[in-house]
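In the order they appear, the protein sequences are chains U and L. The first sequence begins at 321 in the numbering used here and counts up by one. The second sequence begins at 5 in the numbering used here and counts up by one. For reference, the structure is listed below as structure tokens.
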Amino acid sequence: NAGVTQTPKFQVLKTGQSMTLQCAQDMNHEYMSWYRQDPGMGLRLIHYSVGAGITDQGEVPNGYNVSRSTTEDFPLRLLSAAPSQTSVYFCASSYGGQGNYGYTFGSGTRLTVV
Amino acid sequence: AQSVTQPDIHITVSEGASLELRCNYSYGATPYLFWYVQSPGQGLQLLLKYFSGDTLVQGIKGFEAEFKRSQSSFNLRKPSVHWSDAAEYFCAVGAGNYGGSQGNLIFGKGTKLSVKP
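Written as structure tokens, this is what we have:
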């Protein structure tokens with residue numbers, strides 16, 4: 321029972337590089353989202369998806385892209401990394417396309433942009 | 005707009021003492037309310053949730069929370085804290101049983117709990 325799997329766990333990027341944070345869930349959840357966590361800021365929503373082929377922006381979407389080609393996967397792409405994107409990134413999923421049943425979170429990706 | 009306020013950034017309690025973590029929300033309709041816990045270096049784990057019905061909800065690890073509409077609060081409590089409860093706690097509010105943007109959760113900034121032996 322893997323739940324929500326995020327890879328990699330740690331990553332260091334140089335300013336201007338691009339990369340993809342991977343997120344996969346095996347619970348057949350329709351609802352998936354990406355949050356970033358910064359000290360003293362709590363969790364802020366980057367992008368979310370209510371099902372395959374459907375994505376939308378959250379509170380802090382600039383500099384990030386997402387796609388949802390399958391129910392299981394929801395990758396987050398950093399187009400041109402900036403130091404302001406240094407953060408811990410969490411992927412989460414929820415049953416039935418309704419986040420309000422409570423999310424299951426991955427263990428996070430700690431990203432440092434130098 | 006929805007918002008969540010956790011007034012206490014850091015709380016220290018002695019092991020065996022009782023605990024109450026405060027959470028206030030702003031939302032026009034009946035909210036969906038959650039408490040999550042995050043141990044260092046880990047993801048968030050759902051402690052409990054409130055949708056409707058009994059305003060006192062029981063969660064995992066001996067935690068409970070009480071929804072008070074008149075005070076717009078959803079405080080988390082535990083009668084006797086264990087050293088393993090040291091973690092960061094997040095309160096969150098959701099818009100209701102809808103899809104789209106209303107399915108998202110808004111999180112408070114968290115309360116860090118330290119436990120003294």
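Glycine included, C-beta positions come from ideal geometry on N, C-alpha and C.
Proximity test, residue i beta-carbon vs the ligand SAM heavy atom, cut-off 8 angstroms
i        : result
L:Lys113 : You won't find the ligand SAM in this model; it holds no ligand whatsoever.
Beta-carbon gap between residue i and residue j smaller than 9 angstroms
i        : j        : result
L:Arg81  : L:Phe71  : no
U:Thr406 : U:Arg388 : no
L:Thr127 : L:Tyr29  : The structure shown has nothing for residue 127 of chain L, since chain L only spans 5 to 121.
U:His367 : U:Tyr384 : yes
U:Leu333 : U:Val408 : no
L:Leu48  : L:Tyr40  : yes
L:Ala69  : L:Leu50  : no
U:Gly422 : U:Phe410 : no
U:Ala458 : U:Ala344 : Here chain U has residues from 321 to 434 only, and residue 458 of chain U is not among them.
L:Ala96  : L:Leu117 : no
U:Thr429 : U:Pro328 : yes
DSSP three-state assignment for residue i, whether helix, strand or coil
i        : result
L:Gln75  : helix
L:Gly100 : Per-residue confidence for L:Gly100 stands at a pLDDT of 48, beneath the threshold of 50, marking its modelled position as unreliable; the derived number appears in the next sentence. DSSP places L:Gly100 in coil when its eight states are reduced to three.
L:Gln62  : strand
L:Tyr40  : strand
U:Gln355 : It is Tyr, not Gln, that sits at residue 355 of chain U in the sequence shown. Here U:Tyr355 sits in strand by DSSP.
U:Gln342 : strand
U:Gln436 : Chain U is shown only over 321 to 434; residue 436 of chain U falls outside these bounds and no answer can be derived.
L:Tyr31  : coil
U:Ser387 : coil
L:Ser88  : helix
L:Tyr93  : strand
U:Tyr423 : coil
Terminal residues of the beta strand (DSSP E) in which residue i lies
i        : result
U:Thr327 : 324-327
L:Ser18  : 14-18
U:Gly371 : 362-371
U:Gln331 : 330-333
U:Asp393 : Premise fails: U:Asp393 is in no beta strand (DSSP E) and is neither H nor E.
U:Ser400 : Taken as a continuous stretch (DSSP letters only), U:Ser400 belongs to no beta strand (DSSP E), as it is neither H nor E.
L:Gln10  : Note, L:Gln10: premise wrong, no beta strand (DSSP E); not H, not E.
L:Glu24  : 23-25
L:Ser118 : 115-120
Contact residues within the segment 345-374 of chain U, judged by C-beta distance below 7 angstroms to chain L: Tyr351, Ser353, Gly360, Met361, Gly362, Leu363, Leu365, Tyr368, Val370
Would you call the segment 399-414 of chain U and the segment 326-340 of chain U touching, i.e. three or more CB-CB distances under 8 angstroms? yes
What are the residues of the segment 388-411 of chain U that lie near chain L, defined by any Cβ-Cβ distance shorter than 8 angstroms? Phe410
Taking Cβ-Cβ distances below 7 angstroms as the criterion, which residues of the segment 49-61 of chain L are in contact with chain U? Leu50, Lys53
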